[in-house]
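Q: Sending over a structure as structure tokens; questions will come in a sec.
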Amino acid sequence: MTARLLASRLDVLATAVRRPQYRPEDHAVGIVHLGLGAFHRAHQACYVDEMLARHGGDWRIAGISCRSSIPRDQLVPQGCLYAIAEQSATGTEYRVIGALADAIVAPENPSAAIAWLARSTTHVITLTITEKAYQPSDEAIVTDLRNPAQAPSSAIGLLAAGLRRRQREGVAAPTLLSCDNLRGNGQVLKQTVLAYASRIDAALAEWIEREVHFPCSVVDRIVPTTTAADRDAAESSLGLRDEALVTTEPFSQWIIEDSFAGPRPPLDAVGARFVRDVHPFETAKLRLLNGSHSTLAYVGLLAGHKFVHEAVADPLLRTLVEGLMTEDLAPTLPAVDGLAADHYIRTLLARFANPALHHRLEQIAIDGSQKLPQRLLAPLRERIANGQTSRLICFAISAWMSFIRKRIGAGNAHALDDPLRDTLGKALVRGSGDAANVVGELLDIEAVFGADLRQHAPTRRLLAAQLAAIDQYGIMHALNRLLGGGKS
Ligand code: CS2
């Protein structure tokens, strides 16, 4: 059996493998991260790793998982070292990351998690907890608020407990930095934390409002779920077994609103950008990248594709996402220096086409009800306000409707991975199969579509016609007709 990756064994690694250019144990923790999944390890932790190498400082990361014990089980036996595999058409580059100092499973040890959040040396708390964890209706949040005497289980509950201890002990307020794909993620985090805190302690809510900073940020790096084959390939290249390996692409971007409560890690020295306003970057990223991703996921899965690179290699699907970006989405973006939509779109198409990256469409298709609003519905709304039609955005939305119907229907209730599965299921039952009724029932779900979209008759009709075409002809024929290959 190959030995596990460990600090004392780094000399075994091939010379081509980059290892930490600093002694991790010389650097104390300054950042606590909530949501210790693959994305954090392939994104924020890599910036911090590089920053420690170039600038030093006490900025290592204590990672907290809010649910799963897997990251801890993978990382702790390796002294929290892990490798990233950057995969591209020209090969895979491995790099060992030393930025993580601890990995905690909050449900097993909530007091350790809260202690990290409350420590005076924790200046920045970053989060990747997924879109749904910010919803006040999130099950874990509701449970925590119902049982104030118990240790919190939600990320928001843990944060509130950590902040409460800081306030009581006179510790300076931290910066809370959301790294999730939401519009105005810092503002959303602030509202969610304040709503929670005001239910448990009004003085705490006031203190948070006054002292804590919630910068918005835009994060970008494609991180497919690591497979057993990835781990085996890494084992032969590294000469050590890495159970905590993460796979990713060469590209990475991090744009952060420059608003910190206390010390600011010099992330700008290693490629991150501090800006006054992240909004234009965020709009471009959520709409062009994530909007295309969701479109590829629903249309691609209905068409029988498995991976993003396969889906964009399909000429019809490529025409769809290219058209979606250039015709429907790019015109909705605010103009900003240094952000040319056509260049952005070309880069995205090349990133999607990366044949070395096995990015499953299923991974992207998860939680559609939480993703569509910022990715596709916001630009749709703006176009409606400008009197424009949005055939391609609407095709993506009707593909999602067809997808959820397929996943929920035929006794398949568990196959749809979405927190609104029950609500969606009930709407589909009421819609009873007819495309116009199904569209009407789904548009009535305000948590997804707001109260406005259902009022817009042309959009309702377009969605119904497209869903009917998908039902009648199948996804690819319907798409072909839409793109001008036949009568639509
Ligand atoms: C994807 C994102 O799973 C998804 O919904 O669209 O995770 C995407 O890969 C990242 O945002 C890229 O930065």
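Counting along the sequence shown from 1, when you hit position 255 you're at 239 in my numbering, and nothing is skipped either side.
Where is the CB? At the ideal position from N, CA and C, for every residue including glycine.
As the structure is a computational prediction, the values presented were derived from the model and not from experiment.
Based on DSSP bridge pairs, tell me the residues matched to Gly23.
A: This sequence places Phe at residue 23; Gly is not what is there. Partner(s): none; Phe23 has no beta bridge.
Q: Am I right that Ile15 and Pro247 are in contact with their C-beta atoms under 8 Å? What's the rounded C-beta distance?
A: No, Ile15 and Pro247 are not in contact; Cβ-Cβ is about 10 Å, not under 8 Å.
Q: Residues bridged to Ser201 by DSSP?
A: Ile240
Q: Taking the alpha helix (DSSP H) that Gln71 falls in, what are its first and last residues?
A: Counting along the chain, Gln71 falls outside any alpha helix (DSSP H), though it belongs to the beta strand (DSSP E) covering Tyr66 to Ser72.
Q: Please determine whether the Cβ atom of His277 lies at a distance below 6 Å from any heavy atom of the ligand CS2.
A: yes
Q: Do Gly19 and Leu111 have their C-beta atoms within less than 7 Å of each other?
A: yes
Q: Quick check on the DSSP output: what are the complete beta strand (DSSP E) runs of length 3 or more inside the stretch 223 to 291, in order along the chain?
A: Complete beta strand (DSSP E) runs here, min 3: 230 to 232, 237 to 241 and 257 to 259.
Q: What are the boundary residues of the beta strand (DSSP E) that includes Tyr180?
A: Segment Asn169 to Ile184 is the alpha helix (DSSP H) holding Tyr180; no beta strand (DSSP E) there.
Q: From Ala419 to Lys390, what does the alpha carbon distance come to, in whole angstroms?
A: 13 Å
Q: Which of the three DSSP states is assigned to His17 in this structure?
A: strand
Q: Put Leu(-6) into one of helix, strand or coil per three-state DSSP.
A: helix
Q: Taking Gly469 as the reference, which of Leu304, Leu143 and Asp10 has the closest Cα?
A: Of the listed residues, the one whose Cα sits closest to Gly469 is Leu304.
Q: What are the complete alpha helix (DSSP H) segments, minimum 4 residues, inside the stretch 114 to 166?
A: 123 to 130 and 139 to 153
Q: What three-state label does DSSP hand Asp86 in the structure shown?
A: strand
Q: Would Leu(-10) and Arg3 be called neighbours here (beta carbons separated by less than 7 Å)?
A: No, the pair does not count as a contact, with Cβ atoms beyond the cut-off.
Q: Can you grab the Cα-Cα spacing for the pair Asn464 / Ala448, in whole Å?
A: If I take the Cα positions, the gap works out to 17 Å.
Q: Applying the 10 Å Cβ sphere with the 16-neighbour rule, what's the burial state of Asp128?
A: buried
Q: Taking 6 Å as the cut-off, does the CB of Asn494 come closer than this to any heavy atom belonging to the ligand CS2?
A: Limits of the chain in this structure are -15 at one end and 472 at the other, which puts residue 494 out of reach.
Q: Quick one: is the Cβ of Ile206 within less than 6 Å of any heavy atom of the ligand CS2?
A: Indeed, a heavy atom of the ligand CS2 lies less than 6 Å from the Cβ.
Q: Hey, Ile377 and Leu426 are a contact pair by Cβ (cut 8 Å); roughly how many whole angstroms apart?
A: Cβ-Cβ separation between Ile377 and Leu426: approximately 15 Å, too far for a contact (criterion under 8 Å).
Q: To the nearest angstrom, how far is it from the Cα of Leu272 to the Cα of Leu467?
A: 19 Å
Q: What do you get for Ala397, buried or exposed, if any count of 16 or more other CB atoms within 10 angstroms of its CB means buried?
A: With a pLDDT of 49 at Ala397, under the threshold of 50, the modelled position of that residue is not reliable, and no figure is offered here.
Q: Is Ala397 helix, strand or coil when you go by DSSP?
A: Residue confidence for Ala397 is low, a pLDDT of 49 falling below 50, so the modelled location carries little weight; the figure read from the coordinates is stated next. It is helical.
Q: Have a look at Ala213, Ala145 and Pro208 and flag the residue whose alpha-carbon is nearest the alpha-carbon of Arg183.
A: Ala145
Q: Taking 6 Å as the line, does the beta carbon of Ile348 fall inside it for any heavy atom of the ligand CS2?
A: yes
Q: With distances taken Cα to Cα, identify the nearest neighbour of Arg(-12) among Gly63, Ala0 and Asn93.
A: Gly63
Q: Which residues in the same chain as Pro61 place their Cβ atom closer than 7 Å to its Cβ, once the five residues preceding and following it in sequence are excluded?
A: Arg(-12)
Q: Return yes when the Cβ of Pro208 is within less than 7 Å of the Cβ of His343, no when it is not.
A: Yes; because the gap between Cβ atoms is below 7 Å, this pair is in contact.
Q: Report the residue from Phe387, Leu160, Thr310 and Thr373 whose alpha carbon sits nearest the alpha carbon of Glu346.
A: Phe387
Q: Any idea if Val413 is buried or exposed, counting beta-carbon neighbours within 10 angstroms, 16 or more meaning buried?
A: exposed
Q: Give me whichever residues DSSP pairs with Thr76 in a beta bridge.
A: Gln71
Q: Compare the Cα-Cα distances from Arg506 to each of Thr407, Gly170, Val432 and Thr310 and report the closest residue.
A: Not covered by the structure: residue 506. The range shown for the chain is -15 to 472.
Q: Below 8 Å on the Cβ atoms is my guess for Met385 versus Leu451; work out the distance and round it to an integer in Å.
A: 6 Å
Q: Would you check if the distance between the CB atom of His107 and the CB atom of Pro158 is smaller than 7 Å?
A: yes
Q: According to DSSP, is Arg445 part of a helix, a strand, or is it coil?
A: helix
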